[in-house]
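In the numbering used here, the protein residues as written are 2 to 758.
This report refers to the structure that appears directly beneath it.
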Amino acid sequence: MTPPDRPPRPATAVAPRVLMTRLRSLMAEGRSLDGRLAGVVSLVARSFVADVCSIYLRLENGDFELVATEGLKAEAVKNTRLARNEGLIGLVASEARPQNIQNAPHHPRFSYRPETGEDPYTSFLGVPILRFGRVIGVLAVQNIVSRVYDEEDMETLQTIAMVLAEVVTTESQSGSEELADVAVRPNRPIELIGQSLSEGLAMGPIHLHDPVVAPAQFFARDINDEEVRLKKALEQLRSFVDTMMVQNISPLAGESRDILETYRMLAHDPSWANRLFDAVSSGLSAEAAVDRARREHRARLQNAKDSYLRDRLHDLEDLDNRLLRMLSGNGEGIASQDHDGAILVARRLGPADLLEYRNAGLKALVLEDESTTSHAVIVARALGLPLIGGVGRIMAVVETGDEAIVDGDTGHIHIRPEPDLVAVYRDRLASRSQRLAEFAAIRDLPAVTQDGVKIELLMNAGLGIDVGNLDASGAEGIGLFRTEFQFLVSETLPSLTEQREFYQRVVDIAEDRPVLFRTLDLGGDKILRNTRHNREENPALGWRSLRFALDKPGLFRRQLRALCQATAGRTLCVMFPLVTTPEEFRKARELLNKEVAWCEKHGHSTPQKIHVGAMIETPAFALSFHELKGEIDFLSIGTNDLHQYFFAADRDSRFMSDRYSILNHTFLLFLKDIRKRADEMGIPVSICGEAAGNPAMAKVFALLGFRRLSMPATGVGPVKRAIRNLNLSELGVRFEAVLSENSSDIDKDLLNLLQDV
Ligand code: PEP
Ligand code: MG
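Here it is in structure tokens:
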């Protein structure tokens, strides 16, 4: 598998395979750790024909200590320490990738340490010793003469670094004295701050998403066997990716197809496979070969800034992980194990990933990526999980099993907290449980204001499990059922039967309570599994939601048919998302009528009654829905999207999240105007965005005249309590006065007014 253009190795250098065999015997010799490290540096120096080989390990304070050397002065061992960014060792560590330098003393990062006697060495090759993508040390070789280390040298040195990472980790876990000061795993308390995306508080052990399968054995017992295993696993992986491709290209073609195709190309990339086979032929087990590639990709990913490159490195790392699972005979399963009470930490998580964890008993979520899709947020909220996003580099400072506190109210994460902080949070958790008990006590009481106005409180749902929360939430029904979640979680497009059965289960659970099914709202931030994004410049302004559904009548009609059949003999309430023009609503309704006619013609029973509504999510429709008088039965305002389009402020951007308040008085006047025009048409209008689940905002909506609110299940208790304490007529006059003021501080004034209550 060696490419023909590879330069010849120095005449005296030892072939990687021989080196691996020697390394393997050295590790099996039963020497002390210091003895083995000394053995490694001497073996590497000889094999590389290098004048120096040294190992540095990271200490608790971030410095690097020289722990073994061949060629530098012996007295420097355990004496020479370099600050975390100091010298070429610091450069390897901070970049987390190999550095191949031919004129080391002239390099701007060269740091002279007289005690090591280092100055005459000209060439330097250093590679990081990585554990879960974190640099725990550096392995370096140096030569007096100017020498060009080639690709193969670099790969061999990286493989040795991988073996060292394992040795050092195992020793440290067994409490080795020799590693007393070495920071193999992060263990200091750390506080990180991110963006609070779903409120709540949790304490528990961390579980890192995408569990890394550590290779069971490092060295190949029989190279031919390992090659056969690797070949088989690669074939299995490729056919998995090919099948996934075939199953998902329709109906999403074009851009989405390109993204899947890129993933497929990477899976079939001969250079990736060649590197793996090269590693195996040098004496590594198939798992260790893949693990080496994965470490490299992960380390590069942690430093990559460019989003396209990051995506590709994610793909590669994903393929490495999948291949490792295939080799261990567990190719499919990802997240289905039990993680009861764990805090899930991930770089990023699509809604589908999160749904895979739904039965895992998670307590909270922390994400590294800033570009948190709001549907991961909505899913987390539906599951009642605190979620903090935009916590850069958390993956580098935690490990599975570390204890953490996630404060979803403030966005703080305390990793490995001190006992006194744990005690403080224990108290907060206790008072929170007390509040939950208070909400439970009013669960079966109606949401009626002090002056007798009834506000109907419904919940938002979209997953089987959140429908199950209906009784516990105290909601009177489901005011927004996000049907796309079923699509987002499946590997393949749900069939007519799967959709029908799912909707049937939902209406069965709801019994006689209303369920407002919202038709497919795909695109934008809700991307089908394995398609990533549509790669439009502005997906939120692009081919999404009803626009997409109308352009895919086969897909859309199948859903409408499933809805008609699932609610046969009952009332079907269906609403269309992101309607922009009255004409779009008419077209969608026409398709629904066709499906009803089709069911009748083919002898299927149909719903007893059908209510057809639309979501107001675009300013254009907010200003034109009244043209549908007599054609539409109800309206529901999606404040998440309406707010985003009203202010031209991306709902997913953390820079925008606090910029324009829902309580902005122009926006409130807009909502009030919508409510008035709907009243004039004689049709009900509700609010179903996340804001309805915020007690202060829910009170404002009630003051604006809205009598039906739909919200995440966790919001129903707090909103019910707020509504039951509200006196609309008493507050109404002051509210109107504040609303008509032309002050820039209006939202603060409103909040003060509401806090008085
Ligand atoms: C909304 O936009 O407010 C809404 C309820 O729809 P979604 O959040 O699913 O886009
Ligand atoms: Mg919306």
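Think of the CB as a built atom: it goes at the ideal place given N, C-alpha and C, for glycine as much as any other residue.
Taking the straight line between their C-alpha atoms, what separation do you get for residue i and residue j?
| i | j | result |
| --- | --- | --- |
| Arg514 | Gly478 | 5 Å |
| Asn249 | Leu542 | Low confidence applies here, because Asn249 scores a pLDDT of 49, under 50, leaving its location unreliable; read the following figure in that light. Their backbone Cα atoms lie some 23 Å apart in a straight line. |
| Leu494 | Leu556 | 9 Å |
| Arg530 | Ser496 | Its pLDDT being 49, under 50, Arg530 is placed unreliably by the model, and nothing is read from it. |
| Leu180 | Phe503 | 56 Å |
| Ile130 | Ile56 | 9 Å |
| Gly706 | Gly134 | 54 Å |
| Ile145 | Pro106 | 11 Å |
| Leu669 | Ile724 | 19 Å |
| Ala77 | Phe219 | 31 Å |
| Ala84 | Gln100 | 18 Å |
| Ala430 | Phe440 | It is Leu, not Ala, that sits at residue 430 in the sequence shown. Approximately 15 Å between the Cα atoms of the pair. |
| Leu363 | Val398 | 20 Å |
| Ser625 | Glu584 | 10 Å |
| Phe586 | Phe577 | 7 Å |
| Gly409 | Pro387 | 5 Å |
| Ile1 | Glu369 | This structure gives no information on residue 1, because the portion of the chain shown stretches from 2 to 758. |
| Asp182 | Gly127 | 22 Å |
| Pro109 | Leu92 | 10 Å |
| Asp659 | Tyr358 | 29 Å |
| Gly480 | Leu754 | 28 Å |
| Thr70 | Val142 | 10 Å |
| Arg433 | Ile443 | 16 Å |
| Asp52 | Ser147 | 12 Å |
| Pro554 | Phe482 | 21 Å |
| Leu752 | Ala697 | 7 Å |
| Asn641 | Gln500 | 26 Å |
| His340 | Thr401 | 11 Å |
I want to check one thing, is the minimum distance from the CB of residue i to the heavy atoms of ligand 1 below 8 Å?
| i | result |
| --- | --- |
| Asn188 | no |
| Leu643 | yes |
| Gly543 | no |
| Cys689 | yes |
| Asn461 | yes |
| Leu464 | no |
| Arg676 | no |
| Asp522 | yes |
| Arg382 | no |
| Leu710 | no |
| Arg483 | yes |
Just to confirm, does residue i get its C-beta within under 8 Å of one of the non-hydrogen atoms of ligand 2?
| i | result |
| --- | --- |
| Leu579 | yes |
| Met616 | yes |
| Ser546 | yes |
| Gly694 | no |
| Gly639 | yes |
Taking 8 Å as the cut-off, does the region 568–585 touch the region 603–620 (at least 3 CB pairs, one atom from each stretch)? yes
Contact the region 197–208 vs the region 340–349: 3+ CB pairs below 8 Å: yes
Check whether the region 446–453 and the region 409–425 touch, using three or more Cβ-Cβ pairs below 8 Å as the test. no
Please give the ranges of any beta strand (DSSP E) in the region 161–238, keeping only runs that are unbroken, at least 3 residues long and fully inside the region. 191–194, 196–199, 202–209
Could you give the uninterrupted runs of the alpha helix (DSSP H) lying entirely in the region 401–460, keeping only those of 4 residues or more? 420–442
Is it the case that the region 687–704 contacts the region 632–646, given that we only count it when at least three CB pairs across the two stretches are under 8 Å? yes
At least 3 beta-carbon pairs within less than 8 Å: the region 57–75 vs the region 181–197: yes
Starting from the N-terminal side, write out each stretch of the beta strand (DSSP E) that is 3 residues or longer and does not extend beyond the region 669–713. 686–688, 709–713
Would you be able to state if there are at least three C-beta pairs under 8 Å between the region 150–158 and the region 23–38? no
Decide yes or no for the touch test of the region 591–602 against the region 644–663: beta carbon pairs closer than 8 Å, at least 3 of them. no
Does the region 164–178 come close enough to the region 317–331 to have 3 or more Cβ pairs within less than 8 Å? no
Pick out the complete beta strand (DSSP E) segments inside the region 49–125, 3 residues or longer, and give them in chain order. 53–59, 65–71, 100–102
Those runs of the alpha helix (DSSP H) which lie wholly inside the region 601–642 and span at least 4 residues: 620–623
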